[in-house]
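K.L.:
If you use the working numbering, the sequence shown closes out at 300, no skipped numbers anywhere.
Backbone N, C-alpha and C fix where the C-beta goes; we use that ideal spot for every residue, glycine too.
Got a structure for you, written out below as structure tokens; questions coming shortly.
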Amino acid sequence: MRRINKIFIFFRKWPVISLSILLILFFMASFSFVISPHDPLDHNLRSRNIPPMFQEGGSSKHILGTDPIGRDLLSRLIHGSRISMTVALISLVVGTLVGASLGLIAGYFGGYIDEVITRIVDIWAGLPYILIAMIIVGAIGASLPTMVVLMALIAWSPFVRLVRGDVLVLKELEYISAAKIAGASNLRILSYHLLPGTINTIIVVATFSVGQMILVEAFLSFLGAGIPPPTPAWGSMIADGRQYMRQAWWVSVIPGIAIFLVTASLSLLGDWLRDYFDPKLRQRAWE
14 MRRINKIFIF FRKWPVISLS ILLILFFMAS FSFVISPHDP LDHNLRSRNI
64 PPMFQEGGSS KHILGTDPIG RDLLSRLIHG SRISMTVALI SLVVGTLVGA
114 SLGLIAGYFG GYIDEVITRI VDIWAGLPYI LIAMIIVGAI GASLPTMVVL
164 MALIAWSPFV RLVRGDVLVL KELEYISAAK IAGASNLRIL SYHLLPGTIN
214 TIIVVATFSV GQMILVEAFL SFLGAGIPPP TPAWGSMIAD GRQYMRQAWW
264 VSVIPGIAIF LVTASLSLLG DWLRDYFDPK LRQRAWE
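See the structure below:
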């Protein structure tokens with residue numbers, strides 16, 4: 014019984030399951046060309062809609078089955094993870110840099126600068142993002158750079174609000190006043206004194222935002238406004254199988270399960286990081 018309790022406490026203290034899933038995703042994305050059993054673009058109409066290996070009629074040659082034009086589903090799932098992670102991470106880095114910088118500036122300087130930045134965030138939050146994304150894709154065409162820009166446009170705003178809130182508290186502390194008296198420039202105060210105090214918030218928001226980026230990318234790909242075919246993407250894979258749900262459920266369900274596992278793992282990891290960086294929540298969770 015004690016051993017079981019220790020195992021339970023260990024899993025409660027550390028995000029083992031979510032980290033394991035994310036490590037598998039990272040491994041798939043990093044070594045997709047090595048571990049992929051087939052070419053994700055290679056199709057064979059004679060092998061279309063083969064069920065997964067664990068279902069009657071399946072084949073060990075295609076572990077997760079094939080899609081309606083005979084492409085190996087596992088290979089496309091592996092290569093799709095690379096596309097999804099690449100788009101999510103690049104757009105998140107851009108969104109983090111822009112959003113955190115604006116949050117620092119708005120919280121530190123205040124006044125009309127804070128008012129302008131805050132109103133821009135409010136206006137952007139009220140815009141129909143999906144409609145805007147569809148219009149942009151319709152105007153300039155779907156591509157990987159376009160998708161990165163669209164993801165960055167949705168990633169920056171959460172950082173502005175939360176970083177600004179932290180800075181409003183931090184700038185009233187004594188060490189900031191001491192830095193001003195010592196003659197430190199505004200840039201130095203922002204980068205060396207205020208930014209380190211907001212890192213915890215930035216990490217937690219970034220963790221939650223990765224899952225959101227993957228969901229948005231999948232949704233846009235499902236609508237045909239994401240990664241252009243035949244490049245494998247999880248959202249477009251779901252769209253490929255929506256007309257074959259009765260005959261080939263695995264074409265849509267398996268990518269959907271992959272998206273669910275990744276986004277749920279990122280959310281759980283974000284919750285753990287929030288509790289870990291907050292001493293009160295950490296003490297309560299680890300008792």
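As a quick exercise: from A195, L115 and V162, pick the residue whose alpha carbon is nearest that of I101.
P.N.:
The amino acid occupying residue 101 in the given sequence is Ala; Ile does not appear at that position. The candidate whose alpha carbon is nearest that of A101 is V162.
K.L.:
Would you kindly work out how many angstroms separate the C-alpha atoms of S43 and W169, rounded to a whole number?
P.N.:
Distance between the alpha carbons of S43 and W169: 26 Å.
K.L.:
Restricting to runs no shorter than 4 residues, where is the alpha helix (DSSP H) found entirely within the region 240–274?
P.N.:
Whole alpha helix (DSSP H) segments, 4+ residues: 247–253.
K.L.:
Near I189, which residues of its chain fall below 8 Å by C-beta distance, leaving aside the five closest residues on each side in sequence?
P.N.:
Contacts found: L183, I202, H206 and L207.
K.L.:
State the CB to CB distance for the pair S60 and T79, rounded to an integer number of angstroms; the pair is presumed to be in contact (CB under 8 Å).
P.N.:
S60 to T79, Cβ: 5 Å. Contact.
K.L.:
Touch check for the region 220–230 and the region 72–86: three-plus C-beta pairs under 8 Å?
P.N.:
These segments do not touch.
K.L.:
Can you tell me which of L117, G151, V217 and S72 puts its alpha carbon nearest to the alpha carbon of L200?
P.N.:
When each option's Cα is compared against that of L200, the closest is L117.
K.L.:
For W27, count the other beta carbons within 10 Å of its own beta carbon; 16 or more makes it buried, fewer makes it exposed. Which is it?
P.N.:
By the neighbour-count rule (16 or more Cβ atoms within 10 Å), W27 is not buried but exposed.
K.L.:
So what does H75 bridge to, in DSSP terms?
P.N.:
S72.
K.L.:
Identify which residue in D284, P268 and G120 has its Cα closest to the Cα of S97.
P.N.:
S97 has its Cα closest to that of P268, out of D284, P268 and G120.
K.L.:
Any chance the region 229–240 sits against the region 139–157, with 3 or more Cβ pairs inside 8 Å?
P.N.:
Yes: the two stretches touch, three or more of their Cβ pairs being nearer than 8 Å.
K.L.:
Between which two residues does the alpha helix (DSSP H) carrying L110 extend?
P.N.:
Residues L86 to F122.
K.L.:
Within the chosen definition, does the region 52–67 reach the region 246–263 through at least 3 CB pairs nearer than 8 Å?
P.N.:
Contact holds: three or more Cβ-Cβ distances are below 8 Å.
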